[in-house]
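Per our numbering, the sequence shown starts with residue -16, numbered consecutively. Before any comments, here is the structure.
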Amino acid sequence: MRFHTTTTQPIFLTVLLTAVLLVGPARSAQAGCGCDKPAPAPATIIPQAAFSGMPVTLFHNSFQAGQAWKVTFQNNTTRLTTTATVVSKRTLTDPTGATRVPQLVVAVPKVSMGPTRITATRDGFSFTVSEAQFTVIGKPVAVAEQAGSLVVKKYATGVGADGTVYLSVAGFNNVCQAMEFRATLDNYPLRFGMGDAAITNHQGFFVDALDTYSADHFSILPPVGTSSNILDYFRHSFAQYCVDHQSGGIKEVDAQDPNWHRDGTAHTDYSTLIFAISGRLSNGSTPKPGAATFDLQLQANVAPESATSAMLGSDEGSLGGLSAPYGE
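Next comes the structure, spelled out in C-alpha cells:
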C-alpha cells in the first residue's frame, strides 16, 4: 500500500529531484547501482548535510592553493571555529577528472544539530553558507552483511531549515549481497509519500529516490500508532562492485585521492549514505528545524535478488548486522 502526502516539498528535495529528472528513465536501471551516478551539482558546499567529524568541501572563486582559512560553524546554541588549508585537486562536479579546482576540505566540529551557518574568513574577507544551505545531522548507524534488528533509543539527528529530516547510515561499502532494510521512527509520527525521500552519499552523489522509477525496491508501509511511516529499501547485489573495487580490481580506489579510481574515473563511495525525508507530522505541521529525537528501529535481512518487501523478517532481539551510531 502506498501513501501520498499533500505537503509542499522542501527546497532541498525539490532541487535534488528536479536535477535527477534530467537523468531520465535510464535511472531505473542505475538506482543504487555502483559508480554510475550523475555528478554532484556545483555548489558552495558539498554535501549539504553532514554529522560532526565528517568532512565537507567548500568552493569559492577567491580560493588559492595553500591559503589558510578560518571556518566558523554557528547555530542557535553553538559556535566553533576551525582552520583549514586550500588544496587544488580534481572536483567530482566534473566526472571526467579533467578539472582541478581550489577547494577547502574541513571536518564538521561538534556543533549542535540542525540548520547551521558556515562563515569562511581570511585577511578580512569572508563568505557565508546560510542555515538554509547546510544542516548538521546525527551520527550514522552502521549496517553489515548480516540479518538483524536494532533499536537506537533517543537517536538524535538534524532537521533542516525546510523541515527535511536526515538519517545517516554507514557500512554499505562492505555489503555485497542483496539486502533489505526497514526503518521506523518511534514516537515521531512523520508522514511521507512518493517523492518525499532521497538518498545521497557523503560525497554529494545522488544515489536513489522514492519515486516511480524506484517502486520495485523503495517503498512505504503504513504507520503504527505514534510511529512514522515505515521506510522499506531493497538494495540489489553489489557483488560485482565489491570485486571491481578490491585491491588490484579494475575499479581500485586511488589511495592518494579516494574520490577517484586508479583508472581516472569517479568513485561513488557507499561508506556513508544520507536519507533525506520530507513530509509532515500527524498533526499536519512541518518538522521543526533543529534537533529531533526519537527511537530509531532498523531491521536488515540478507535476501535473494527476487526479494520483495514481504520477505523481510523481524529477527527481534538480534543485533545481527546493525550497530549503534559511531561514537555512541
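Ideal Cβ placement from N, Cα and C applies to all residues, glycine included.
Asked	Found
Rank 266, 233, 265 and 88 by C-alpha distance to the C-alpha of residue 246 and give the top, closest one.	233
Could you give the residue range of the alpha helix (DSSP H) that holds residue 88?	Element bounds for residue 88: not the alpha helix (DSSP H) but the beta strand (DSSP E), 83 to 90.
Which of helix, strand or coil does DSSP assign to residue 163?	strand
Hey, is the stretch 56 to 69 in contact with the stretch 84 to 104, meaning 3+ C-beta pairs nearer than 8 Å?	yes
What is the DSSP secondary structure of residue 12, counted as helix, strand or coil?	With a pLDDT of 41 at residue 12, under the threshold of 50, the modelled position of that residue is not reliable, and no figure is offered here.
Measuring only the C-alpha atoms, how far is residue 171 from residue 148?	11 Å
Is residue 138 helix, strand or coil when you go by DSSP?	strand
Report the three-state DSSP secondary structure of residue 197 (helix, strand or coil).	helix
Should the stretch 141 to 159 be called in touch with the stretch 266 to 285, which here means at least 3 C-beta pairs below 8 Å?	yes
Hey, how far is the Cα of residue 221 from the Cα of residue 242?	19 Å
Is the beta carbon of residue 216 less than 7 Å from the beta carbon of residue 201?	yes
Less than 7 Å between the C-beta atoms of residue 112 and residue 29, yes or no?	no
Once the 5 residues before and after residue 7 are set aside, which same chain residues still bring their CB inside 6 Å of it?	Note that residue 7 scores 43 on pLDDT, short of 50, meaning its location in the model is unreliable; the coordinates nonetheless yield the value given after this. Here the set comprises nothing.
Just confirm the distance between the C-beta atoms of residue 258 and residue 21, as a whole number of angstroms; I'd bet it's less than 8 Å.	Actually they do not touch by this definition, with Cβ atoms about 18 Å apart.
Measure the C-alpha to C-alpha separation of residue 85 and residue 64 and round it to an integer number of angstroms.	21 Å
What residue does the alpha helix (DSSP H) around residue 224 start on, and which one ends it?	222 to 228
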